[in-house]
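Okay, so here's the structure we're looking at.
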Amino acid sequence: MAVLITGIGELTTNDDELGTLTGAAIVFDGPVIAWVGPAAAAPDADERIDVEGRAALPGWVDSHTHLVFAGDRTAEFEARMAGQPYSAGGIAVTVDATRAATDAELTANLRRHVSEAVRQGTTCLETKTGYGLTVADEVRAARIAAAAADEVTFLGAHLVPPGADAESYVDLVCGEMLDSVAGSVRWVDVFCETGAFDEAQSERVLRAAARHGLGLRVHGNQLGPGPGVRLAVRMGAASVDHCSHLSDSDVEALASSDTVATLLPACDLSTRQPLAPARRLLDAGVTVALATNANPGSSYTTSMGFCVATAVLQMGMSVAEAVRAATLGGAKALRRTDVGVLRPGARADLHVLDAPSRTHLAYRPGVPLTWRVWRQGTPAA
Ligand code: NIG
1 MAVLITGIGE
11 LTTNDDELGT
21 LTGAAIVFDG
31 PVIAWVGPAA
41 AAPDADERID
51 VEGRAALPGW
61 VDSHTHLVFA
71 GDRTAEFEAR
81 MAGQPYSAGG
91 IAVTVDATRA
101 ATDAELTANL
111 RRHVSEAVRQ
121 GTTCLETKTG
131 YGLTVADEVR
141 AARIAAAAAD
151 EVTFLGAHLV
161 PPGADAESYV
171 DLVCGEMLDS
181 VAGSVRWVDV
191 FCETGAFDEA
201 QSERVLRAAA
211 RHGLGLRVHG
221 NQLGPGPGVR
231 LAVRMGAASV
241 DHCSHLSDSD
251 VEALASSDTV
261 ATLLPACDLS
271 TRQPLAPARR
281 LLDAGVTVAL
291 ATNANPGSSY
301 TTSMGFCVAT
311 AVLQMGMSVA
321 EAVRAATLGG
331 AKALRRTDVG
341 VLRPGARADL
351 HVLDAPSRTH
361 LAYRPGVPLT
371 WRVWRQGTPA
381 A
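Okay, structure coming up:
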C-alpha cells in the first residue's frame with residue numbers, strides 16, 4: 001500500500017542530490033521509500049497524511065547501546081555525582097543481576113527500552129551482549145538481542161569476570177564463546193581500556209572476529225588516552241566509540257581511514273569525562289556518529305534528541321552536523337546504506353517533529369519534540 005506524507009515544512013533527506021527540501025512530500029511503498037520531492041509534484045497514493053508544515057528527518061540510527069541487562073545502578077550514579085570516578089568495574093554489578101534474571105525478564109527489559117527509544121524517533125538500533133561473560137550467558141544475550149534489535153554485537157570482551165585470569169578469559173572469548181555466538185551476531189566489539197582489555201588482548205579478540213567474517217567495533221579512549229583508536233583504524237573497524245581523549249595522531253589516523261568516530265555525549269556527561277572533541281574531528285574530515293550508549297551504568301538514556309542537543313550546545317557541532325551524525329553517521333558506523341537517509345529504495349523510517357525545523361532540537365532542549373514516527377513504513381509512535 002502506498003502512503004503519501006505531505007505538507008512537510010522542512011525535510012532533511014541526507015541525500016546529496018535531494019538535500020534539504022521545503023514544502024516536501026514522501027511516499028512509502030510498504031517498508032521502503034518510493035518517492036521524495038516537492039509536495040506539489042507528489043504522485044497519488046492509497047492514503048494521504050498531511051503533517052501541516054512540521055519538520056521531518058530520517059529516524060535516528062542509534063549505533064551504540066547495551067540494553068540486554070537487568071538491575072539498577074542508581075547508587076553508583078549517586079556516588080559518581082558526589083565525586084567518585086567511573087570505572088569499568090561497575091560492569092560486574094550488572095553482570096550479576098543479568099545472570100540472575102530470566103529470559104522473560106531480559107526480553108521485557110530490552111523491549112521496554114527499545115520502545116522508549118522508538119517513541120523518541122529512533123528507528124534503527126544496535127545493541128550488545130556483554131553482561132553475561134560466560135558462554136551460556138553471552139549466547140542467551142545474543143539470542144534475546146537478535147529478536148528485538150536491528151543490529152547485534154558480541155561484547156564478550158567487556159570485562160574480565162572478577163576472579164578470572166585475563167589471558168585465559170581472552171582465550172575463552174576468542175574460542176568457544178565466539179564460536180557459539182557467531183551465528184547470532186554481525187559485529188564483535190572489545191573494551192580496550194585500562195581496567196578492561198589491553199591492546200594485545202583487544203587485538204586478539206578482533207583478529208578472532210575477523211577470522212569468523214564478523215565486522216569489528218572498538219570501545220576506545222573513553223577514560224583516558226590509549227591505543228583503542230589506533231587499533232581500531234589499523235584493524236579496519238567500522239567504528240571506534242567514545243573517543244573522549246584523543247591525541248593529534250588519533251585524529252589523523254581516523255581522518256585517513258574509513259573508521260567512524262562514534263561520540264557518546266550522554267555518557268561523557270554521566271561519567272564526568274570531557275566531551276569528545278567533535279569539532280576537531282569534523283574539521284579534520286573524520287566521519288562522526290552520535291549515539292546514546294544506553295546502559296544502566298555509564299549512560300542511562302535512550303534519547304538521541306538529548307545527544308543531538310548536547311552536541312550542538314556544548315560540542316561545537318552545527319544542528320545540521322549533529323542531525324546528520326545521529327542519522328547518516330550512525331548508518332555509516334553500522335555500514336548500512338538503507339537507513340539514515342530518505343531517498344527512493346531506502347527504509348521508510350521517518351521522524352516528524354512537532355516543530356517547523358530541525359533547529360528546534362537544540363533550540364528547545366529537553367522538550368519532547370517527536371510528533372510521529374514511521375518504522376519500515378509502519379506507524380511506530
Ligand atoms: O560503553 N565502556 C564500556 N561499556 C559501557 C559501560 C557499561 C557499564 O558501565 O555498565 C560504556 O560506557
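Position 364 (the sequence shown) corresponds to 364 in the UniProt record's numbering; numbering is contiguous.
Each residue gets a CB set at the ideal place from its N, CA and C atoms; glycine is no exception.
Computed from a predicted model, the values in this text were never measured in an experiment.
Using DSSP bridges, identify the partner residues of residue i.
i           : result
Asp-29      : Ala-2 and Val-32
Gly-217     : Contrary to the premise, residue 217 reads as Arg rather than Gly in this sequence. Asp-189 and Ser-239, per the DSSP bridge assignment.
Asn-295     : Ser-299
Arg-372     : Val-352
Gly-37      : Ala-25
Val-288     : Ala-261
residue 406 : Residue 406 is absent from the model: the chain starts at 1 and stops at 381.
Leu-57      : His-351
Asp-62      : Leu-125
Thr-20      : Thr-12
Only counting the same chain, and skipping five residues up and downstream in sequence, which positions put a Cβ closer than 7 Å to that of residue i?
i       : result
Leu-328 : Asn-14, Gly-340 and Val-341
Ala-146 : Val-152 and Ser-184
Gly-212 : In the sequence as presented, Gly is not what sits at residue 212; that position holds His. Within the same chain, His-212 has close Cβ partners Leu-178 and Ala-182.
Val-118 : Val-373, Arg-375, Ala-380 and Ala-381
Asp-354 : Arg-54, Leu-369 and Trp-371
Gln-84  : none
Glu-321 : Leu-282
Give me, in chain order, the residues of the same chain whose beta-carbon lies closer than 6 Å to that of residue i; leave out the 5 immediate sequence neighbours on both sides.
i       : result
Arg-234 : none
Tyr-169 : Val-160
Ile-156 : Reading the sequence as shown, one finds Gly at residue 156 and not Ile. Excluding sequence neighbours, Gly-156 sits near Glu-138, Val-173 and Met-177.
Gly-377 : Phe-28, Gly-30, Pro-31 and Ala-348
Thr-259 : Ala-232, Val-233, Ala-237 and Val-240
Thr-287 : Val-260 and Lys-332
Gly-71  : Thr-94 and Ala-97
Tyr-300 : none
Tyr-131 : Phe-69, Thr-94, Val-95 and Thr-98
Asn-295 : His-66
Hey, residue i and residue j: beta-carbon distance below 7 Å or not?
i           : j       : result
Glu-10      : Ser-357 : yes
Val-185     : Phe-154 : yes
His-351     : Gly-19  : no
Ala-24      : Ala-39  : yes
residue 383 : Ala-196 : Past the edges of the chain, shown from 1 to 381, lies residue 383, and the structure says nothing about it.
His-158     : Ile-91  : yes
Asp-62      : Leu-125 : yes
Leu-254     : Asn-221 : no
Thr-22      : Phe-69  : no
Ala-326     : Met-304 : yes
Arg-112     : Gly-297 : no
Thr-262     : Ala-311 : no
Thr-127     : Ala-149 : yes
Ala-276     : Ser-244 : yes
Ala-291     : Ala-362 : no
Leu-269     : Asn-293 : no
Asp-248     : Val-229 : no
residue 400 : Thr-359 : The first residue shown for the chain is 1 and the last is 381, placing residue 400 beyond what the model contains.
Glu-193     : Leu-223 : yes
Glu-199     : Pro-227 : yes
Trp-187     : Arg-207 : no
Glu-116     : Thr-302 : yes
Thr-129     : Ala-142 : yes
Ala-289     : Gly-330 : yes
If you reduce the DSSP assignment to three classes, tell me which class residue i lands in.
i       : result
Pro-379 : strand
Glu-47  : strand
Glu-10  : strand
Arg-347 : strand
Gly-89  : helix
Thr-337 : coil
Leu-133 : coil
Thr-327 : helix
Leu-67  : coil
Gln-314 : helix
Arg-119 : helix
Ser-357 : coil
Gln-201 : helix
Thr-74  : helix
Glu-321 : helix
Thr-98  : helix
Only counting the same chain, and skipping five residues up and downstream in sequence, which positions put a Cβ closer than 8 Å to that of residue i?
i       : result
Ala-42  : Leu-4, Thr-6, Ala-25, Val-27 and Trp-35
Ile-33  : Ile-26, Val-27, Leu-342, Arg-343, Pro-344, Gly-345, Ala-346, Arg-347 and Ala-348
Gly-366 : Phe-306 and Ala-309
Would you say residue i faces chain D, with C-beta separation under 7 Å as the test?
i       : result
Val-181 : In summary, chain D is missing from the structure at hand, where a single protein chain is found.
Can you tell me whether residue i sits near the ligand NAD, meaning its C-beta is under 6 Å from at least one heavy atom of the ligand?
i      : result
Thr-94 : With respect to small molecules bound, the structure shown includes the ligand NIG and not the ligand NAD.
Length-filtered (4 minimum) alpha helix (DSSP H) runs lying within the segment 224-260: List check, alpha helix (DSSP H) in window: 228-234 and 248-255.
Which runs of the beta strand (DSSP E) fall wholly inside the segment 137-197 and span at least 3 residues, in chain order? Runs of the beta strand (DSSP E) inside the segment 137-197: 151-157 and 187-192.
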